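I have placed the structure first, in the form of structure tokens, so that the comments after it can refer back to it.
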Amino acid sequence: MNKADISSVHKILMEDFISNPAPVIDLMAAQGCSPFQILVATILSARTKDETTSKVIKEKLFPNVKQASDFNRFTLEEIEQMIFPVGFFHQKAKALKQLPVVLEERFGGEIPQTIEELCELPGVGRKTANLVVAVAFKKPAICVDVHVHRINNRLGLVATSTPQETEFTLREILPQKYWCSWNACFVSFGQRRCRPINPHCGDCPIKRFCNYAKSQEKQKACGEK
Ligand code: SF4
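For the sequence shown, the numbering used here assigns the number 2 to the initial residue and increments by one for each residue that follows.
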């Protein structure tokens, strides 16, 4: 894949995205959830299935916590119970307990809107910060998770070794109009089709753009000679 293919690949993958269940964070944005709710859900969703995140926030967390200062009313153990069984719930509960303190001290109680400032919050790395900027504040940001990193390398659009390197490379080559939706293109596609092991390349809708698929076909052809 090269830069000239970006628009075609984006169009195909957005059609694929729309015809499949939306990831929990995109769904929340569509439902008009607040930046605070999107931030918290994004922290909880790391290394956790969407169904689990969705159940926890709807049934246990958001009925009790409507703004960051509400976390002050609960002990660490109570927050752990509210967010169980999300992955790494001990660490995430600690981060949520600290969240109102850091927001108050550093940002006057408001959710900051830049990647750098969001990264100062407990439990927030570049991936989470980019997603919050893009989804909650609708500002240009590219959230690179393991799926975006892996598939953009397979396609040959980037040749990078870490998600952060992929983010910075994409910032240079991707027109800004695609930044906010680039993550949505690849996440469920990466879970369903372009999986880490044994990707389902056979009838992949973007196969003709993919360097990985081309190299696999070449290897197969050589093996048959
Ligand atoms: S052809 Fe295969 S490796 Fe390439 S994007 Fe599709 S599933 Fe992934």
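The C-beta atom is built at its ideal place from N, Cα and C for all residues, glycine as well.
Predicted, not measured: the structure shown is a model, and the values here were computed from it.
N- and C-terminal bounds of the alpha helix (DSSP H) containing residue i
| i | result |
| --- | --- |
| HIS201 | That residue, HIS201, is in no alpha helix (DSSP H); it is neither H nor E in DSSP. |
| ARG155 | 147-156 |
| LEU104 | 90-108 |
| SER55 | 51-56 |
| THR281 | Here the chain comprises residues numbered 2 to 226, so residue 281 is not present and cannot be evaluated. |
| VAL169 | First, the residue type needs correcting, since residue 169 is Phe and not Val in the sequence shown. Where PHE169 is concerned, the enclosing alpha helix (DSSP H) stretches over 164-174. |
| ASN191 | In the sequence as presented, Asn is not what sits at residue 191; that position holds Gly. It spans 180-193 - the alpha helix (DSSP H) in which GLY191 sits, taken as one unbroken run. |
| TYR2 | Reading off the sequence shown, one finds Met at residue 2, where the question assumed Tyr. Taken as a continuous stretch (DSSP letters only), MET2 belongs to no alpha helix (DSSP H), as it is neither H nor E. |
| VAL125 | No alpha helix (DSSP H) contains VAL125, which DSSP labels as neither H nor E. |
| GLU218 | 212-225 |
| ASP71 | Per DSSP, ASP71 belongs to no alpha helix (DSSP H) and is neither H nor E. |
| VAL25 | 25-31 |
| ILE84 | 77-84 |
| LEU119 | 116-119 |
Nonlocal neighbours in the same chain, by C-beta distance under 8 Å from residue i, ignoring five residues either side
| i | result |
| --- | --- |
| HIS91 | GLU81 |
| THR30 | According to the sequence as given, residue 30 is Ala; it is not Thr. Excluding positions up to five away in sequence, the list reads ILE39, VAL136 and ALA137. |
| LYS12 | none |
Close Cβ partners of residue i (< 6 Å) along its chain, the five nearest in sequence each way excluded
| i | result |
| --- | --- |
| GLY36 | Correcting the residue identity first, residue 36 is Pro in this sequence and not Gly. Answer for PRO36: ILE112 and ALA137, listed in chain order. |
| SER189 | ASN21 |
| ASN73 | PRO101 |
| TYR213 | ARG155 |
| CYS120 | ALA130 |
Near the ligand SF4: residue i beta-carbon under 8 Å from a heavy atom
| i | result |
| --- | --- |
| PRO101 | no |
| LYS219 | no |
| ILE198 | no |
| LEU158 | no |
| CYS181 | no |
| LYS208 | yes |
| ARG172 | no |
| ILE7 | no |
| CYS186 | no |
| HIS148 | no |
| ILE152 | yes |
| HIS11 | no |
| ALA214 | yes |
| HIS91 | no |
| CYS144 | no |
| ARG194 | yes |
Cutoff 7 Å; reference residue i; Cβ partners in own chain excluding five residues on either side
| i | result |
| --- | --- |
| GLN177 | PRO141 |
| THR43 | ILE26, THR129, LEU132 and VAL133 |
| PHE63 | GLN38 |
| GLN68 | PHE37 |
| ASP17 | PHE190 and PRO206 |
task: May I ask you to verify whether the stretch 142-156 touches the stretch 189-206, counting CB pairs closer than 8 Å and requiring at least 3?
output: yes
message: Tell me whether the stretch 117-137 and the stretch 179-188 touch, counting them as touching only if at least three CB pairs, one residue from each stretch, are closer than 8 Å.
response: yes
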